[in-house]
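Colleague:
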Amino acid sequence: MDPLRRAHSVKFGGHMTYPSLLWSGTLAESREREPAVPESTIRDLLAEDDIRARSIPFFRIPCRPEEIPARQGLILRMLDDPIFAERIERLRTALIDTEQLFGEIRRSETEEEKTLLFVPAMNRFFALAEELADLDGDGGRAGEVGMFWRGWLGNVANEAYRKRCRDVLSRHESAFRLKIHGSSVTAFERKNDVRGELEKSVRDMGLEDAIPPVRPVQKASLPIVNGFAGVYGDYARLAESFRTDCEADYIGGQRDITEAFLYREELEFLLDVSAYFRKLREGGYPLCCPEVSERREFILNGAVDPSLLRRNVPGTEAVPNDVRMTDFDGEREQFFILSGANGGGKTTYLRTCSLAALFFSAGCPVAAKSGRCMPFDAVYTHFPANENYESNGRFMDEAARAEEIMDAAGENSFAVFNETYSGTDEKRSEEYSARLADRMWGQGTFGIYVTHIHALTGGKIPTLAAVVDEGDDNRRTYKIRRVGETKSSFARDILEKYGLDGDSLSLRIAEIKAKKGGA
Numbered sequence: 003m004d005p006l007r008r009a010h011s012v013k014f015g016g017h018m019t020y021p022s023l024l025w026s027g028t029l030a031e032s033r034e035r036e037p038a039v040p041e042s043t044i045r046d047l048l049a050e051d052d053i054r055a056r057s058i059p060f061f062r063i064p065c066r067p068e069e070i071p072a073r074q075g076l077i078l079r080m081l082d083d084p085i086f087a088e089r090i091e092r093l094r095t096a097l098i099d100t101e102q103l104f105g106e107i108r109r110s111e112t113e114e115e116k117t118l119l120f121v122p123a124m125n126r127f128f129a130l131a132e133e134l135a136d137l138d139g140d141g142g143r144a145g146e147v148g149m150f151w152r153g154w155l156g157n158v159a160n161e162a163y164r165k166r167c168r169d170v171l172s173r174h175e176s177a178f179r180l181k182i183h184g185s186s187v188t189a190f191e192r193k194n195d196v197r198g199e200l201e202k203s204v205r206d207m208g209l210e211d212a213i214p215p216v217r218p219v220q221k222a223s224l225p226i227v228n229g230f231a232g233v234y235g236d237y238a239r240l241a242e243s244f245r246t247d248c249e250a251d252y253i254g255g256q257r258d259i260t261e262a263f264l265y266r267e268e269l270e271f272l273l274d275v276s277a278y279f280r281k282l283r284e285g286g287y288p289l290c291c292p293e294v295s296e297r298r299e300f301i302l303n304g305a306v307d308p309s310l311l312r313r314n315v316p317g318t319e320a321v322p323n324d325v326r327m328t329d330f331d332g333e334r335e336q337f338f339i340l341s342g343a344n345g346g347g348k349t350t351y352l353r354t355c356s357l358a359a360l361f362f363s364a365g366c367p368v369a370a371k372s373g374r375c376m377p378f379d380a381v382y383t384h385f386p387a388n389e390n391y392e393s394n395g396r397f398m399d400e401a402a403r404a405e406e407i408m409d410a411a412g413e414n415s416f417a418v419f420n421e422t423y424s425g426t427d428e429k430r431s432e433e434y435s436a437r438l439a440d441r442m443w444g445q446g447t448f449g450i451y452v453t454h455i456h457a458l459t460g461g462k463i464p465t466l467a468a469v470v471d472e473g474d475d476n477r478r479t480y481k482i483r484r485v486g487e488t489k490s491s492f493a494r495d496i497l498e499k500y501g502l503d504g505d506s507l508s509l510r511i512a513e514i515k516a517k518k519g520g521a
């Protein structure tokens, strides 16, 4: 089941009113959004070791324009502020512990058991609220969420319940040294036992999914529960009264506190994506947060394919390319035909652009030096199928998948096609390819179509080409240029490589003058 749609084990119902950390509006409103990016796009672009499966659903729901810079700010803060990153990890741990304790309440078979666990569970929730209230700063929506929870804790009714909870627990702290349903927690904190240390080590290694989500169930016998209530009768009465009043206000209805556990998925997304982009940064890959453009454009400077890191390619060796797609002021250059020799970098360029579009739409940094982009409502990819088909079967599959994308994509979508219709004869491939490219370009969809069919190049649809060095036995340069500027652009790259371009020469002249002046 989609993690963003899954039912929580401790969900009691009601309506969420808590502000989301990643989306504008509340947690409830964010759960009403439907995925727009197909699963096939995720399979084509993201490997299992890139982003953990639990965070993939966030990439399938594009951000609204105002949400992109806010989420970018949060992720950058995770990368640049280790104290903030540690706070997010602690908050996630607190959410797990609190959710587990409320889960044990749900699994309790008697009202007496529920009463025993309810007070320490609420105490844990108030501690969680304090952690949420500590969120601050300018990074994204953290400050807004922190402000909400500071107000929540300062509310007269909430403050009264919090004091009442502490008063009840303070009378019988020692009474909670027992295990109910296998819990290894007391009324206050998890014991710092060997298991806890092992869990921390496993999380640090990124193997958190190996930790069992729920500890083995050990049911407390009814005589033990009744015996506890008999020995601590005054506590049992106070706890029952507290639970009766508290459940009416906090469990179900408009203020259902258990809905706050949905923050866990948002925190895990922040932890997962920051870990991914931290690896890119450490690998020498450029990272930037493109500006949100009000114009129809997709502009990237010095962009590279981040998936090259999987092949142990250092960022310093990844060949950067510029991306310029525009559709305004009568200039319709938002969809391109990309042609060139095999091994020239066409597929790498395709992945560079489509990953940047996907990451930007999800409010993440992209692997480029700078950029300015419009928000996309969906990202579509069409790569050759891996299955073994007879020639006609493969063509029918490719044609069906391409047709789905053409029907779904609109003027605010991004779509890439890699050697589509290659499973048929040249004549039919050219016919279908021309129809696809013309439709994508005509309806304003942004994207690229990689093909070897030269008949498609040079027409109304702008063309890109993989550049080769003709003076060096047609050596692949892995540079992609707009046809018509290829030679001059390649010459510019050579000048930049050897420091002979205008900017480099001006800098060297200034340095020489400075040295002479200081002599």
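Quick note: the sequence shown uses this note's numbering, first residue 3, plus one each step.
All residues carry an ideal CB built from backbone N, CA and C; glycine is no exception.
Just so we're clear, the structure is a prediction, and the values are computed from it rather than from any experiment.
Helix, strand or coil for Pro21 per DSSP?
Modeller: The residue given as residue 21 occupies position 19 in the sequence shown. Correct three-state label for Pro21: strand.
Colleague: Based on the DSSP secondary-structure assignment, which residues constitute the bridge partners of Ser415?
Modeller: The residue labelled residue 415 in the question sits at position 413 within the sequence shown. Ser415 is bridged to Ala380.
Colleague: Find the nearest neighbour of Ala96 within the set Tyr20, Ala159, Glu270, judged by alpha-carbon distance.
Modeller: Here residue 96 is taken as the residue at index 94 of the sequence shown, counted from 1. For the residues Tyr20, Ala159, Glu270, the minimum Cα distance to Ala96 belongs to Glu270.
Colleague: Rounded to whole angstroms, how far is the Cβ of Pro377 from the Cβ of Pro67, which I believe are closer than 8 angstroms?
Modeller: As a first step, residue 377 is located in the sequence shown; it is residue number 375 there, counting from the start. As a first step, residue 67 is located in the sequence shown; it is residue number 65 there, counting from the start. The Cβ separation is near 5 angstroms, so the contact holds.
Colleague: Excluding the 5 residues flanking Gly347 on each side, which residues of the same chain have their C-beta closer than 6 angstroms to its C-beta?
Modeller: Along the sequence shown, one-based indexing puts residue 347 at 345. Taken in chain order, the residues that qualify are Ala468, Tyr480.
Colleague: Going by DSSP, what residues sit across from Phe448 in a beta bridge?
Modeller: On the sequence shown, position 446 is the one that residue 448 refers to. DSSP, once it has assigned bridges, lists Phe416 as partnering Phe448.
Colleague: Identify every residue that forms a DSSP beta bridge with Ile301.
Modeller: Within the sequence shown, the letter at position 299 stands for residue 301. Looking at the DSSP assignment, Ile301 forms a beta bridge with Arg326, Arg374.
Colleague: Candidates Ile407, Ala370, Thr383, Ile77: which alpha carbon is nearest Leu289's?
Modeller: The count along the sequence shown starts at 1 and reaches residue 289 at position 287. Per the Cα distances, Ala370.
Colleague: Could you tell me which residues DSSP pairs with Asp471 in its beta bridges?
Modeller: For the purposes of this step, residue 471 is taken as the residue at position 469 of the sequence shown. DSSP lists Arg477 as partners of Asp471.
Colleague: What residues in its chain sit with their C-beta under 6 angstroms from that of Val147, if we drop five residues either side in the sequence?
Modeller: To locate residue 147, count along the sequence shown from 1; it is residue 145. Contacts found: Pro21, Leu23, Leu137.
Colleague: Specify the secondary structure class of Thr422 as computed by DSSP and reduced to three states.
Modeller: Along the sequence shown, read from residue 1 onward, the residue named residue 422 stands at position 420. In this structure, Thr422 counts as coil in the three-state DSSP scheme.
Colleague: Is the beta carbon of Val368 closer than 8 angstroms to that of Pro292?
Modeller: Here residue 292 corresponds to residue number 290 of the sequence shown, with the count starting at 1. Here residue 368 corresponds to residue number 366 of the sequence shown, with the count starting at 1. In this structure, Val368 lies closer than 8 angstroms to Pro292 by Cβ.
Colleague: Let me confirm a value: Asp409 is counted as buried when at least 16 other C-beta atoms fall within 10 Å, else exposed. Which label applies?
Modeller: Counted from its first residue, the sequence shown places residue 409 at position 407. When all chains shown are included, Asp409 counts as exposed.
Colleague: Ile339 lies in the beta strand (DSSP E); which residues open and close that run?
Modeller: Working through the sequence shown from its first residue, we reach residue 339 at position 337. Start and end: 337-341.
Colleague: Skipping 5 residues on each side, what residues in its chain have a beta carbon closer than 6 angstroms to that of Asp324?
Modeller: Against the sequence shown, residue 324 aligns to sequence position 322. Around Asp324, the same chain offers Asn303 as residues with beta carbons nearer than 6 angstroms, after the five sequence neighbours per side are excluded.
Colleague: Should Ala55 go down as buried or exposed, given a rule of 16 or more other Cβ atoms within 10 Å for buried?
Modeller: Stepping through the sequence shown from its first residue, residue 55 is reached at position 53. Exposed, since its Cβ has fewer than 16 Cβ neighbours within 10 Å.
Colleague: Touching or not, the stretch 399-413 and the stretch 57-67, by the rule of three or more beta carbon pairs under 8 angstroms?
Modeller: no
Colleague: Hey, Leu466 and Ile259 are a contact pair by Cβ (cut 8 angstroms); roughly how many whole angstroms apart?
Modeller: Residue 466 sits at position 464 when you count from the first residue of the sequence shown. Residue 259 sits at position 257 when you count from the first residue of the sequence shown. Contact flag wrong, Cβ pair sits at about 54 angstroms.
Colleague: Kindly list the residues whose CB is nearer than 8 angstroms to the CB of Arg297, restricted to its own chain and excluding five residues on each side of it in sequence; keep chain order.
Modeller: As a first step, residue 297 is located in the sequence shown; it is residue number 295 there, counting from the start. So the list reads Thr328, Phe330, Met376, once near-sequence residues are dropped.
Colleague: Assuming Pro386 and Ser424 make a contact with CB atoms under 8 angstroms, what is their CB distance in whole Å?
Modeller: The residue given as residue 386 occupies position 384 in the sequence shown. The residue given as residue 424 occupies position 422 in the sequence shown. Indeed, because the Cβ distance is near 7 angstroms, the residues count as touching under 8 angstroms.
Colleague: Between the C-alpha atoms of Lys181 and Pro59, what's the straight-line distance to the nearest angstrom?
Modeller: One-based indexing of the sequence shown puts residue 181 at position 179. One-based indexing of the sequence shown puts residue 59 at position 57. Caution applies to Lys181, whose pLDDT of 41 falls short of 50 and renders its modelled position unreliable; the value that the coordinates give is listed next. Approximately 36 angstroms, taken between the alpha carbons.
Colleague: Could you check what DSSP says for Thr112 in three-state terms: helix, strand or coil?
Modeller: Reading the sequence shown from its first residue, position 110 is the one you call residue 112. If DSSP states are grouped into helix, strand and coil, Thr112 belongs with coil.
Colleague: List the endpoints of the continuous alpha helix (DSSP H) containing Cys355.
Modeller: As a first step, residue 355 must be located in the sequence shown, where it is residue number 353. First-last of the alpha helix (DSSP H) with Cys355: 348-363.
Colleague: Quick one, which of Phe300, Gly342, Ala49, Pro316 has its alpha-carbon nearest Ala359's?
Modeller: Stepping through the sequence shown from its first residue, residue 359 is reached at position 357. Of Phe300, Gly342, Ala49, Pro316, the residue nearest in Cα terms is Phe300.
Colleague: Verify whether the separation of the beta carbon atoms of Phe150 and Ala123 is less than 8 angstroms.
Modeller: Residue 150 sits at position 148 when you count from the first residue of the sequence shown. Residue 123 sits at position 121 when you count from the first residue of the sequence shown. No, these two residues do not count as a Cβ contact at 8 angstroms.
Colleague: In chain order, what residues of the same chain have a beta carbon less than 6 angstroms from the beta carbon of Gly317, not counting five sequence neighbours either side?
Modeller: Working through the sequence shown from its first residue, we reach residue 317 at position 315. If we look at Gly317 and ignore the five residues flanking it on each side, its Cβ neighbours are Gly285, Gly286, Tyr287.
Colleague: Quick check: the stretch 109-117 against the stretch 127-134, are at least 3 beta-carbon pairs closer than 8 angstroms?
Modeller: no
Colleague: Using beta-carbon positions only, say whether Lys281 and Leu311 come within less than 8 angstroms of one another.
Modeller: Mapped onto the sequence shown, residue 281 falls at position 279. Mapped onto the sequence shown, residue 311 falls at position 309. Yes. Within cutoff.
Colleague: Please report the Cβ distance between Tyr278 and Ile53, rounded to the nearest whole angstrom; I am assuming they are in contact, meaning their Cβ atoms lie under 8 angstroms.
Modeller: Taking the first residue of the sequence shown as position 1, residue 278 is located at position 276. Taking the first residue of the sequence shown as position 1, residue 53 is located at position 51. At roughly 6 angstroms, the Cβ-Cβ gap stays under 8 angstroms, so Tyr278 and Ile53 are in contact.
Colleague: Exposed or buried, which one is Ser243 when buried takes at least 16 other CB atoms within 10 Å?
Modeller: Here residue 243 refers to the residue found at position 241 of the sequence shown. Counting Cβ neighbours within 10 Å, Ser243 comes out exposed, since fewer than 16 surround it.
Colleague: Which residues mark the beginning and the end of the alpha helix (DSSP H) in which Asp331 is found?
Modeller: Stepping through the sequence shown from its first residue, residue 331 is reached at position 329. Element bounds for Asp331: n/a, residue is neither H nor E.
Colleague: Please work out which residues of its chain come closer than 6 angstroms, Cβ to Cβ, to Phe86, disregarding the five sequence neighbours upstream and downstream, and give them in chain order.
Modeller: Translated into positions along the sequence shown, residue 86 becomes position 84. Taken in chain order, the residues that qualify are Arg79.
Colleague: Quick check on this structure: which residue in Val306, Gly342, Arg326 has the alpha carbon closest to the alpha carbon of Val470?
Modeller: Translated into the one-based positions of the sequence shown, residue 470 becomes position 468. Closest option to Val470, Cα to Cα, is Gly342.
Colleague: Looking only at its chain, what residues have a beta carbon closer than 7 angstroms to the beta carbon of Leu29, apart from the 5 residues adjacent to it on each side?
Modeller: Mapped onto the sequence shown, residue 29 falls at position 27. Same-chain partners within the cutoff: Met18, Tyr20, Ser22, Glu261, Leu264.
Colleague: Rounded to whole angstroms, what's the CA-CA distance from Val121 to Arg245? Just pull it up for me.
Modeller: Your numbering for residue 121 matches position 119 in the sequence shown. Your numbering for residue 245 matches position 243 in the sequence shown. Going from the Cα of Val121 to the Cα of Arg245 covers about 7 angstroms.
Colleague: Can you find the residues in the same chain that come closer than 8 angstroms, C-beta to C-beta, to Ile98, ignoring five residues on each side of it along the sequence?
Modeller: What you label residue 98 is simply residue 96 of the sequence shown in a count that begins at 1. The residues are Arg266.
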